[in-house]
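> Pasting in a structure now, in structure tokens, and then I'll have a few things to ask.
There are 4 protein chains.
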Amino acid sequence: MEAAQANKLFFASDYQEGAHPAILQRFVETNLVSSPGYGTDDFCMEARERIREACGTPEAGVFFLTGGTQANATVIDAMLRPWEGVVAADSGHISVHEAGAIEAGGHKVLTLPGKDGMINAAQLRSLLETFHSDGNKDHMVWPGMVYLSQPTEFGTLYSLEALTDIHEVCREYGIRLYVDGARLAYALASPVNDVSLADLGRLCDAFYIGGTKCGAFFGEAVVLPDPELIPHFFTIIKQHGALFAKGRLMGLQFGTLFDKDPESGELLYAQIGRTAIAAADRLREVLIQKGYTLCFGSPTNQVFVLMENKQLERLGRSVEYSFWETHGEDHTIIRLASSWATRMEDVERLAELL
Amino acid sequence: MEAAQANKLFFASDYQEGAHPAILQRFVETNLVSSPGYGTDDFCMEARERIREACGTPEAGVFFLTGGTQANATVIDAMLRPWEGVVAADSGHISVHEAGAIEAGGHKVLTLPGKDGMINAAQLRSLLETFHSDGNKDHMVWPGMVYLSQPTEFGTLYSLEALTDIHEVCREYGIRLYVDGARLAYALASPVNDVSLADLGRLCDAFYIGGTKCGAFFGEAVVLPDPELIPHFFTIIKQHGALFAKGRLMGLQFGTLFDKDPESGELLYAQIGRTAIAAADRLREVLIQKGYTLCFGSPTNQVFVLMENKQLERLGRSVEYSFWETHGEDHTIIRLASSWATRMEDVERLAELL
Amino acid sequence: MEAAQANKLFFASDYQEGAHPAILQRFVETNLVSSPGYGTDDFCMEARERIREACGTPEAGVFFLTGGTQANATVIDAMLRPWEGVVAADSGHISVHEAGAIEAGGHKVLTLPGKDGMINAAQLRSLLETFHSDGNKDHMVWPGMVYLSQPTEFGTLYSLEALTDIHEVCREYGIRLYVDGARLAYALASPVNDVSLADLGRLCDAFYIGGTKCGAFFGEAVVLPDPELIPHFFTIIKQHGALFAKGRLMGLQFGTLFDKDPESGELLYAQIGRTAIAAADRLREVLIQKGYTLCFGSPTNQVFVLMENKQLERLGRSVEYSFWETHGEDHTIIRLASSWATRMEDVERLAELL
Amino acid sequence: MEAAQANKLFFASDYQEGAHPAILQRFVETNLVSSPGYGTDDFCMEARERIREACGTPEAGVFFLTGGTQANATVIDAMLRPWEGVVAADSGHISVHEAGAIEAGGHKVLTLPGKDGMINAAQLRSLLETFHSDGNKDHMVWPGMVYLSQPTEFGTLYSLEALTDIHEVCREYGIRLYVDGARLAYALASPVNDVSLADLGRLCDAFYIGGTKCGAFFGEAVVLPDPELIPHFFTIIKQHGALFAKGRLMGLQFGTLFDKDPESGELLYAQIGRTAIAAADRLREVLIQKGYTLCFGSPTNQVFVLMENKQLERLGRSVEYSFWETHGEDHTIIRLASSWATRMEDVERLAELL
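Sequences listed follow chains A, B, C and D, in order. So the first sequence is residues 5 to 358, counted in the working numbering. So the second sequence is residues 5 to 358, counted in the working numbering. So the third sequence is residues 5 to 358, counted in the working numbering. So the fourth sequence is residues 5 to 358, counted in the working numbering.
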């Protein structure tokens, strides 16, 4: 299959390759080290410490799960009580693309119409006010938490102000705030972003730092700034089939992603994000120059572009892209995604093909 | 942590290291290859073909999940209808050590008293006869399938005859048979074993071939000889949070485990099993020579031995072992496990310490 | 509490009193009769036969449950497979007012925007076409059935044409059709209705005939025209905590509701509906005469009317009504409901107060 | 069917007739009273007050559900957290005869071998000690509560001492105690009983007072001495499909059952129990006189007796009884149950037939 690859450019998604070379190297170096299972090993301890430090949450519980849907389903089920549901944008990953995993856990997803994938504090407040003024609320699902993704499924970003406003509504109504950071590295590295890991640590009840789409082979680090929020989370994870035997593999990956460059002091996670953003920004620049219409205003590693169907057919022969949605009879919106593995020379080859 | 290791022998379990070197090498070689997600890639295709061939099940559905509890919970939930439960030994992994994952999926585990971890066809028939002659059966959980593990949690093995008998009772009553093969390599490599992969393919409605404890970094290959048994299994896996984004990682691992040695024609999976069994057999030999009492009669990679508590305290300074159960006031049964990573020199060092 | 009643008119809902006198009389007559439990008695047998005859479904399974949410949750959970969800209007009872009972059973409610409580075949077809053309559909909840209510929560009615069109889309896509008939008597008795019980028996995979709001003390009769659609439904009902020990009580109630008047041949259920519709029609007539604005166009026993808040405060001193929703700063939409128990003299008293 | 009855004696169970005449009379008297739904009416308020007084629990939450399995499934699901299971005798109703309703709610039933339907404090302590000393307990289901039935499924009774001991172990380990009182009237009325309603109110975290089998048409009163133990229980009940629209029907039934005789001050519930116990005691007396073997030592309304199969065949022509279990090839244990509706003349007729 390596041969076929020579002929194609891969921009379909950000999880098409293995892992950042530094992680691969750690797999090689540590392969014969013996360690206990289930995340009780020293690699995990070290990774947790580095994450706690980066997030400014010295007491946080940090748990490693293997994928985003798994993390969402497990955390949301654990944070909600039986009478509660989770508020999310109608385009949220949990609303659409998790095959009903939240409902399989017994909870309703209460959707708000998103704008470019985002909801805002005013919508949330309105939903909560309406709910609490409803005489029948005891016959209804109680909003118990809010789910956001940063960046969103459309690559867009919550500003610190927007996130803070949502946080404040949550506090006011005593509900929890959870952020899905499947592609968090690409948010953190975006020049327009003003939400830091420490902001997440301060404003969220729970969030996860994505590894799978951000340079790891796999793994998502769930951070609970106050670990007492979810008692017995280890057992709950096990019950969800989400307790990974060789937890060390995620420990060493996140230990590496959150390792600082000895010179710059920069986290590898930040560096990975920057590589992808540079590629996406260059791609956006080219697309605009050539007169294409960009969609949704994503400033992160996902580039959404409106294409004429005929042209798309041609492009598809040389480039792997993601279909996003049809747009009228003759056009399609596609997604081109960059990652830690995107080479700038491939971006330039793509530019020529466009 | 590497330093501390020099001083200890690791026999606590069979998933303490990374992966067999051949698998690690595949990770290195393929790291920059681009491929689609969710198990739709060529690595997975190849691995599935090799597994189908090894099991004599040319039409089988083969699905890769990341862990044993996840595989059990997902398969059992998918195979049972709402009114059904699963029959298992009271010592079965699903009965005891999965934090209620089967019940979290809505199903009862109907236990039979195991002997050295095994149940038999006569017990099963009796349970089914009693159930079906009960006038209140419509107020009860219907036995819908049988769960076995091969080897069992006690390292013991179902003989082909015992397995065939259970299979026949299942057919007679129209219920399904599922085998948990978390440590299947160590069953297949045991000299006393007479159940082949092809036997499993012929006698089971579903089984999984364990990777995590048998040489892989992680991964279990669920085999459905008749894939129509579970419609929409891909979606069910997603709903259980068990769909792995970079499925290719499991594809290349199982492709490697089920690769044949060009000279001997032997699967790597078989070779890994033999390494562990050789170590365990040597250990058993030493223990018997030294007068220890072996427990449960395990002929596989887990060695259970009765130890005086005082002696155990000494041993614990040099050796990582697993506590199994107390035995009277002064004794304990411990487990010593070998794996693909066990070096015979370490077995000899352990022999000296005993 | 009887004293306080003299001063108030009760139009808040249709389940504020006990049962139609004919049912009460049956309770009295049969009280000391001994019969077996769980719906296996002769009263239930007779009621089932009468319902089968009325619905033109000679082979139907008929099951008696004690309430609407219970019936919905049990039937929907039993009809859906794990990967499926149920399509409903966003105002559907299961979408809003069942405290997440459908999700607690593991299934997503896939909402369509309703118009006066109704969805139509074109919306349904569009949802199904979009779903089946989505390349990611295996990561999503599969639409497995449609939930309608007749009359709807807004008192409106599906026409036979509208229902037939929805039925045909369901057949085309191989999904099931279920109708919630909590207030079915008031649909059947409405002069604008053209959907008969036999039409429901012919077009639905399942529906329930409401007793609680239509003259019974309690009870809903679930009808499965093809009983093989839900195997082991008795056990599933038990598992949902919905198997009623003295099933006979529902048998004798539905036997009475579906008893024919010896002269007219009319079912008591029809007669009960007519009483309520006559009261509601008179009320609508008065309201229109007095210049009030009626909402949603309900032709059944629920009358929705826009009231000025000041006037409403006055009215509330003499009349029990249901708050429906606020309408601007100064107005409110309220619901006035009639039932089998509404006396025309009370309607006239209400007319004077308006 | 009334005709057929003349020829048979009904001792099969305690829920074969309607309701105690005093309850029937209340249905008649109140039929046209209007009241709000869902248990918010005055009948329910009054019944709650009477139950609180009888149980010595002035702050208790009292909730009316329609059946025992429903009450058990709803209360247990509401009291357990996700990582917890419920400890019960292996013969407990929740263990055997609820079609997996507890597991459908996501929780494991952790069984202890019962003696005549009862478990004891020593068994419970042993289970809890073993669990808490297990190094793998975080991979296991945590015992979170204890389920007992009073009387048990075998008609036997926990003594106050036995119940107090179990209560103390629960307190020591911080787990909850729940008692299923489906037939509680018959416990309270048994001469050997020394556990009062006030004892239950003092020792339990939750219990239910059975109506269905104790003189009501239907209904079970769940008592939570500390109502804050289950927040949002109303919504949870709704979510379980267990919220009864005309809650008043249960309110007036329990109001009647807990009404005091103006002269004796005795509750109707106590009087109902005494009637049944008198009948059962007379039956036991006759059986012993005639040389039959009584089983399990039930001192309540259920009489278990060993019968030769041939004799049983004869008896079955004239008497409805319950099959309990086979006993060897030639014998069967049957259950004869009395109730509020049993007439002493029928007991004497049965005596003649035996």
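Note that beta-carbon positions come from the ideal geometry of N, C-alpha and C, so glycine has one too. In this text, all values refer to a predicted model and were calculated from it rather than measured experimentally.
May I have a chain-ordered list of the beta strand (DSSP E) segments no shorter than 3 residues that lie completely inside the region 305-354 of chain C?
306-312, 326-331, 335-341
> Where does A:L233 fall in DSSP's three states?
helix
> DSSP state of C:L13, grouped into three classes?
strand
> Quick check: is the beta carbon of B:E107 nearer than 8 angstroms to any beta carbon in chain D?
Yes - at least one Cβ of chain D is within 8 angstroms of the one on B:E107.
> Quick one, which of B:L316, B:R288, B:A108 has its alpha-carbon nearest D:E88's?
B:A108
> Can you give me the C-alpha to C-alpha distance between D:C59 and C:M144, rounded to a whole angstrom?
If you take the alpha carbons of D:C59 and C:M144, they lie about 51 angstroms apart.
> When the Cα atoms are used, what is the spatial distance from A:A105 to B:Q243?
4 angstroms
> Give every residue of the same chain whose Cβ lies closer than 6 angstroms to the Cβ of A:A51, excluding the five residues on either side of it in the sequence, and list them in chain order.
G255, F258, G259
> I think B:S342 touches B:A280, with their Cβ atoms under 8 angstroms apart; what is that distance to the nearest whole Å?
4 angstroms
> For D:A23, which residues of its own chain have a beta-carbon under 6 angstroms away from its beta-carbon, when the five flanking residues on both sides are left out?
A220, F221
> Starting from B:M49, trace the beta strand (DSSP E) in both directions and tell me its first and last residue.
That residue, B:M49, is in no beta strand (DSSP E); its alpha helix (DSSP H) goes 46-59.
> From D:H111 to C:L28, what distance separates their C-alpha atoms?
Rounded to whole angstroms, D:H111 to C:L28 spans 40 angstroms at the Cα level.
> Contact between the region 28-38 of chain A and the region 122-139 of chain D is defined here as three or more beta-carbon pairs at a separation below 8 angstroms; is this criterion met?
no
> Taking only beta-carbon atoms, is D:A8 less than 8 angstroms away from chain A?
Residue confidence for D:A8 is low, a pLDDT of 47 falling below 50, so the modelled location carries little weight; the figure read from the coordinates is stated next. No, D:A8 lies away from the interface with chain A (no Cβ there is under 8 angstroms from its Cβ).
> Spatial neighbours of A:G320 within its chain, please: C-beta separation below 7 angstroms, excluding the five flanking residues on both sides.
none
> Confirm, please, whether the CB-CB distance from A:F15 to A:L272 is below 8 angstroms.
no
> Taking only three categories from DSSP, how would you classify C:V37?
coil
> Below 6 angstroms CB to CB, which residues in the same chain sit around D:Y296 once its five sequence neighbours on both sides are set aside?
V309
> Only counting the same chain, and skipping five residues up and downstream in sequence, which positions put a Cβ closer than 7 angstroms to that of C:S17?
S326, A341
> Listing by chain order, which chain B residues have their CB less than 7 angstroms from the CB of C:H143?
K242
> Along the chain, where does the beta strand (DSSP E) that runs through D:T115 open and close?
113-116
> Counting only Cβ-Cβ distances shorter than 8 angstroms, please list the residues of the region 72-87 of chain B near chain C, keeping chain order.
D81, A82, R85, P86, W87
> Can you tell which of B:S39, B:A283, B:R339 has the C-alpha that lies nearest to the C-alpha of B:C299?
B:R339
> Shortest alpha-carbon distance to C:G178 belongs to which of C:E157, C:G159, C:D198, C:L128?
C:L128
> If you follow the beta strand (DSSP E) that C:M149 is in, where does it begin and where does it stop?
146-153
> Looking at C-alpha atoms only, which residue of C:S322, C:L358, C:W344 is the closest neighbour of C:I292?
Closest option to C:I292, judged by alpha-carbon separation, among C:S322, C:L358, C:W344: C:L358.
> For the beta strand (DSSP E) containing C:R180, name the first residue and the last one.
180-185
> Within 10 angstroms of its Cβ, does D:A202 collect 16 or more other Cβ (buried), or is it exposed?
Exposed, since its Cβ has fewer than 16 Cβ neighbours within 10 Å.
> Would you mind telling me which residues of chain D sit closer than 8 angstroms to A:T1, beta carbon to beta carbon, in chain order?
Residue 1 of chain A lies beyond the stretch modelled for chain A, which goes from 5 to 358, so this question has no answer here.
> Chain B partners of A:N11, CB-CB under 9 angstroms?
Result: empty, since nearest Cβ-Cβ is about 12 angstroms, beyond 9 angstroms.
> Determine which residues of the region 208-236 of chain C have a Cβ less than 8 angstroms from any Cβ of chain B, and write them out in chain order.
Of all residues in the region 208-236 of chain C, P235, H236 have a Cβ within less than 8 angstroms of some Cβ in chain B.
> Between the region 326-339 of chain C and chain A, which residues of the former have a C-beta closer than 7 angstroms to a C-beta of the latter?
F327
> Terminal residues of the continuous beta strand (DSSP E) containing B:G104?
It is not in any beta strand (DSSP E) - B:G104 carries neither H nor E in the DSSP assignment.
> Just the C-alpha distance for D:M348 and D:G41, rounded to the nearest angstrom, thanks.
40 angstroms
> What does the alpha-carbon distance come out to for the pair B:D198 and B:D46?
33 angstroms
> Going by CA-CA distance only, name the one from A:T168, A:R206, A:T156 that's closest to A:A189.
A:T156
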